[in-house]
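For reference, the structure is listed below as structure tokens.
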Amino acid sequence: MQTTVRPDPTTEAPPARRARPEPDEVAPPRTRRFDGIVDRQPVRNPRHAPAPLVDVVLPVHQEEVVVADSLRRLHDHLTRCFPFSWRITVVDNASTDRTWERTLDVMRRLDHVEALRLDRKGRGLAVRTAWAASDAAIVAYMDVDLSTGLDALLPLVAPLLSGHSDVAIGSRLSPGARVDRGPRREVISRCYNRMLRTLFGWRVHDAQCGFKALRTDVARRLLPHVEDDGWFFDTELLLLAEHNGLRIHEVPVDWVDDPDSRVQVSSTALGDLAGSARMFRRFVTGHGRVDLGPARRDGAARGVGRHVAVAAGSAIGLALTAVLLLVRPGKEGR
9 MQTTVRPDPT TEAPPARRAR PEPDEVAPPR TRRFDGIVDR QPVRNPRHAP APLVDVVLPV
69 HQEEVVVADS LRRLHDHLTR CFPFSWRITV VDNASTDRTW ERTLDVMRRL DHVEALRLDR
129 KGRGLAVRTA WAASDAAIVA YMDVDLSTGL DALLPLVAPL LSGHSDVAIG SRLSPGARVD
189 RGPRREVISR CYNRMLRTLF GWRVHDAQCG FKALRTDVAR RLLPHVEDDG WFFDTELLLL
249 AEHNGLRIHE VPVDWVDDPD SRVQVSSTAL GDLAGSARMF RRFVTGHGRV DLGPARRDGA
309 ARGVGRHVAV AAGSAIGLAL TAVLLLVRPG KEGR
């Protein structure tokens with residue numbers, strides 16, 4: 009079922025038309041069908057501005073308690089501290105509480121905010137849908153609890169706007185990061201990321217931090233090749249980016265654990281391990297190359313070396329041990 013809030017044509021000017029893409033640019037689909045859901049259109053704020061430079065996506069699921077406050081806080085920060093044009097896109101993925109109603113109530117009072125409602129759950133699906141339809145030059149996303157300090161947003165997008173990098177990620181495990189979370193979660197995160205570095209030989213420190221941005225032309229090339237619509241979406245996207253030689257910029261962040269996180273650690277950790285094994289098989293069998301078009305960086309694509317296969321068993325064993333020893337049923341942040 010589609011829900012749309014439309015501006016009053018008698019009082020507001022219609023939204024500006026989108027610019028026509030350049031000949032070498034991959035045009036974004038206006039609507040896109042994913043398995044299990046119908047196509048959706050964004051809910052436009054009546055005061056919607058022309059295409060911004062940066063589109064910040066907030067995926068939400070069952071967040072009626074925090075969505076209004078987080079949206080106001082993010083809007084205030086962008087208004088006061090962000091020097092580029094921006095838009096916030098809230099994506100409600102199958103909430104059954106009052107998340108959608110509270111989102112609409114807040115966005116009617118704020119400029120540069122729109123919302124999208126999906127009838128299927130999945131953080132990856134929410135981010136994918138918003139990014140695929142965005143007309144911004146840079147697409148980003150962050151967790152709605154705003155666990156990551158917002159002062160890191162400008163350093164996140166600056167190297168993308170300058171053209172220096174293709175992908176930018178927040179990192180809780182890089183030197184200079186300041187993190188407040190329990191030791192069990194810290195160990196699980198470090199074991200998982202160590203496994204990824206052993207399996208794939210990549211240089212990324214933190215695949216899971218919910219604070220990422222991409223150049224939109226790069227996102228449009230990568231997204232059709234990302235299979236996961238859940239929590240592994242982040243890791244799969246980064247693995248494809250690294251495998252195809254894209255430049256990834258890491259920003260050390262200040263991060264405070266959310267005690268009300270919606271992540272089920274046990275099922276998520278097992279899903280991450282399964283996804284990692286799938287991507288490993290994909291790469292060692294010669295798949296995973298993406299036609300990046302004008303975004304391609306010559307000579308930068310990487311492969312999974314044979315020596316990595318020798319280390320695969322020990323890496324997966326390390327991760328499984330961490331899961332079995334440290335994960336217990338319950339709701340915990342990642």
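This note's numbering puts the first residue of the sequence shown at 9, with every later residue one more than the last.
Ideal placement from N, C-alpha and C gives every residue a C-beta, glycine not left out.
With DSSP as the reference, label residue i as helix, strand or coil.
i: P67; result: strand
i: G178; result: strand
i: W210; result: coil
i: A102; result: coil
i: R289; result: helix
i: H257; result: strand
i: R88; result: helix
i: V8; result: Outside the displayed span of the chain (9 to 342) sits residue 8, for which this structure offers no information.
i: W239; result: coil
i: V298; result: coil
i: R95; result: strand
i: V234; result: coil
i: S197; result: helix
i: G132; result: helix
i: D306; result: coil
Does the beta-carbon of residue i have 16 or more other beta-carbons within 10 angstroms, so that it is buried, or is it exposed?
i: H251; result: buried
i: P430; result: Since the first residue shown for the chain is 9 and the last is 342, residue 430 is missing from the structure and cannot be characterised.
i: P183; result: exposed
i: C199; result: buried
i: S275; result: exposed
i: E244; result: buried
i: V195; result: exposed
i: H213; result: buried
i: H295; result: exposed
i: E235; result: exposed
i: C89; result: exposed
i: G130; result: buried
i: S142; result: buried
i: P67; result: buried
i: S78; result: buried
What whole-angstrom Cβ distance do residue i and residue j have, given they're in contact under 8 Å?
i: S93; j: H69; result: Going by Cβ atoms, the distance from S93 to H69 rounds to 28 Å, so no, they are not a contact pair.
i: V152; j: V74; result: 6 Å
i: L124; j: T137; result: 7 Å
i: W263; j: A185; result: 7 Å
i: P167; j: H257; result: 5 Å
i: V99; j: A145; result: Between A145 and V99 the Cβ distance is about 19 Å, and since that is not below 8 Å, they are no contact.
i: H85; j: L158; result: 5 Å
i: S64; j: I96; result: Contrary to the premise, residue 64 reads as Val rather than Ser in this sequence. That belief holds up - the Cβ atoms of V64 and I96 are roughly 5 Å apart, short of 8 Å.
i: D266; j: S155; result: 5 Å
i: F240; j: G301; result: Not quite, the Cβ-Cβ distance comes to about 26 Å (not below 8 Å), so this is no contact.
i: D299; j: R229; result: 7 Å
Give the DSSP bridge partners of residue i, in chain order.
i: K220; result: Y149 and I177
i: V187; result: W263
i: L126; result: N101
i: V62; result: W94 and I146
i: T156; result: W263
i: V121; result: I96
| message | Across the segment 207–225 and the segment 169–181, are there enough close Cβ pairs to call them in contact, namely three or more that are closer than 8 Å? | response | yes
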